[in-house]
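K.L.:
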Amino acid sequence: MVKRKEERTLRKILILLFVTFILSGCATYKFQKPNATGEGSQGYLASYNGDPILEYTVGKDKSLPDLTLAKERFKRRRAKVEYYYKKMDLIESRVKEVFWEPPAMMVDFLWGVLRWPVIAVKDYKYHRNLKYQERVDKLDEQKEELEKARIAGLREKLAVYITEDLAKEPALQDAVVAAPAAPKSQPEALPHVPQITSEPVVKPIPVAPIKPVKKIKPPVVKPPVIEKVLMPPVAVITAKPEKGFSPLMVKFSGKRSTSKNGKIVAYNWDFGDGDTSTKANSENIYYSTTYGVRNFTVTLTVKDAAGLTSSTTSAIEVSTY
């Protein structure tokens, strides 16, 4: 009897662990309002694992809908938007993040340990040989241009899909602004006609001609001028991996940074260990000689076409044996 109870308890624990294991690989979605004021800030957008994605619910002229329409658009677009975002390496499958990345990170660590002498030699050569540094920078720029072209092509296809999706929605009727009614003109005054007595002979009384009343034109009402409020860009850091063992090579990307004023024109990285970069995609090698865990604070500052800037930070955790 006791053995059966133990078996049932063990079975329940295994089922609970299995369900937790499966659910941990599911993405989470949330509808929220943007953390900004101004045009379009009254609508709703959807987030993927806490990261807002505008294409889920965006409308014409980057406007955001109410909650009901946002849910309808999200239901239609989710699969297609996530397909393009995964192609652009802007999001990862939750299953891949939970089940694949831990063993992959361990393999990367072992491979980094084996390649540590090669990495150290290349790093030493890069900082002391100008020709080698120029050649490496040129190759990195070529790779970055190819990556930008690939991302631009995918974004263009996604924009075409969003336009086609919006065309399926019923067209909204434009509000009709009634013109101010013209003031009513006063009734024409009738001339004074004296009473005519009942006499045999009646002389006609001359009446002066009545001048026409000039029409009064209605006042011209100009529509109010709404000044466009420029919003600062949103800086976003993507780092892979975010923690590991020294020496740790981390790949950084700032391409998820966005701006309503146009595209991002400048990236400035401070990797927290003295190294900097001005590329959208960059990488850095972290070394730690202290025992235990050492944290490096990475700062990204972006600048958009309107000249506005924004900064964000992220932490990289480097461990040693």
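To convert, count from 1 in the sequence shown and add 26; that's the working numbering.
Quick reminder that beta carbons are idealized off the backbone N, C-alpha and C, glycines included.
Suppose contacts are defined by Cβ-Cβ distances below 7 Å. Is Asn294 in contact with Thr304 by that definition?
P.N.:
yes
K.L.:
Quick test of your reading: Ala96 and Phe57, contact by CB under 8 Å. State the CB separation rounded to the nearest angstrom.
P.N.:
6 Å
K.L.:
Under a three-way DSSP split, which group does Ala201 fall into?
P.N.:
For Ala201, the predicted model reports a pLDDT of 35, less than 50, meaning its position is unreliable; a value from the coordinates is still stated below. Correct three-state label for Ala201: coil.
K.L.:
Comparing C-alpha positions only, which one of Pro258, Gly280, Ser308, Phe271 sits nearest to Val139?
P.N.:
Phe271
K.L.:
So if DSSP puts Tyr55 in a beta bridge, which residue, or which two residues, is it bridged to?
P.N.:
Tyr74
K.L.:
What did DSSP end up calling Met257 once you bin it into helix, strand or coil?
P.N.:
coil
K.L.:
What are the boundary residues of the beta strand (DSSP E) that includes Phe322?
P.N.:
318 to 330
K.L.:
Measure the C-alpha to C-alpha separation of Leu274 and Ile311 and round it to an integer number of angstroms.
P.N.:
5 Å
K.L.:
Based on DSSP bridge pairs, tell me the residues matched to Glu309.
P.N.:
Lys277
K.L.:
Going by the DSSP bridge assignment, what does Lys269 pair with across the sheet?
P.N.:
Glu343
K.L.:
Which term fits Met132, buried or exposed, when burial requires 16 or more other beta carbons within 10 angstroms of its beta carbon?
P.N.:
exposed
K.L.:
Alpha carbon to alpha carbon, how far is Ala146 from Ala193?
P.N.:
55 Å
K.L.:
Taking 7 Å as the threshold (C-beta atoms), are Thr327 and Ala341 in contact?
P.N.:
no
K.L.:
How close, in whole Å, do the beta carbons of Arg102 and Asp191 come, if the pair is a contact with beta carbons under 8 Å?
P.N.:
Contact flag correct, Cβ pair sits at about 6 Å.
K.L.:
Please return the same chain residues whose Cβ sits closer than 6 Å to the Cβ of Arg99, not counting the five positions on each side in sequence.
P.N.:
Thr83
K.L.:
Buried or exposed: where does Leu90 fall if 16 or more other Cβ atoms within 10 Å of its Cβ makes it buried?
P.N.:
Buried, by the Cβ-count rule.
K.L.:
Leaving out five residues before and five after Tyr70 in sequence, what residues of the same chain have Cβ atoms less than 8 Å from its Cβ?
P.N.:
Only Phe57, Gln58, Lys59, Thr83, Leu90, Pro91, Asp92, Leu93, Ala96 meet the Cβ criterion.
K.L.:
Would you tell me roughly how many angstroms separate the C-alpha atoms of Pro259 and Gln68, rounded to the nearest one?
P.N.:
18 Å
K.L.:
Report all residues from its chain with a CB closer than 7 Å to the CB of Thr338; omit the five preceding and five following residues, and keep chain order.
P.N.:
Ala261, Val262, Ile263, Leu326
K.L.:
Among the candidates Asn307, Val291, Leu256, Val255, whose CA atom is the shortest distance from the CA of Lys277?
P.N.:
Asn307
K.L.:
Can you tell me the Cβ-Cβ gap for Leu256 and Ala175, rounded? I've got them flagged as a contact below 8 Å.
P.N.:
Rounded, the Cβ-Cβ distance is 28 Å, inconsistent with contact.
K.L.:
Suppose the cutoff is 6 Å on Cβ atoms and the five residues either side in sequence are ignored; what does the same chain contact list for Ser279 look like?
P.N.:
Thr264, Asn307
K.L.:
From the DSSP output, in three-state form, read off Lys210 for me.
P.N.:
Bear in mind that the predicted position of Lys210 carries a pLDDT of just 46, short of 50, making it too unreliable to give a figure here.
K.L.:
Taking the beta carbon of Leu172 as the centre, do at least 16 other beta carbons fall within 10 Å, making it buried, or is it exposed?
P.N.:
exposed
K.L.:
Take the Cβ of Asp330 as the centre, count every other Cβ of all protein chains shown within 10 Å, and call the residue buried at 16 or more, exposed below.
P.N.:
buried
K.L.:
Quick one: using the 10 Å Cβ neighbour count with 16 as the cut-off for buried, is Val186 buried or exposed?
P.N.:
exposed
K.L.:
Buried or exposed for Ser314, going by 16 or more other Cβ atoms inside 10 Å?
P.N.:
Burial call: buried.
K.L.:
Would you grab the beta carbon distance between Glu343 and Lys289 for me? Rounded to a whole angstrom, and I think it's under 8 Å.
P.N.:
Not confirmed; about 32 Å, so no contact.
K.L.:
Using three-state DSSP, classify Asp299 as helix, strand or coil.
P.N.:
It is coil, neither helix nor strand.
K.L.:
Determine the DSSP secondary structure at Ile79, reduced to helix, strand or coil.
P.N.:
strand
K.L.:
Does the Cβ of Val107 have 16 or more other Cβ atoms within 10 Å, making it buried, or fewer, making it exposed?
P.N.:
buried
K.L.:
With respect to the alpha helix (DSSP H) encompassing Ile177, which residues constitute its N-terminal and C-terminal limits?
P.N.:
156 to 194
K.L.:
Would you mind stating whether Met114 and Leu156 have Cβ atoms separated by less than 7 Å?
P.N.:
no
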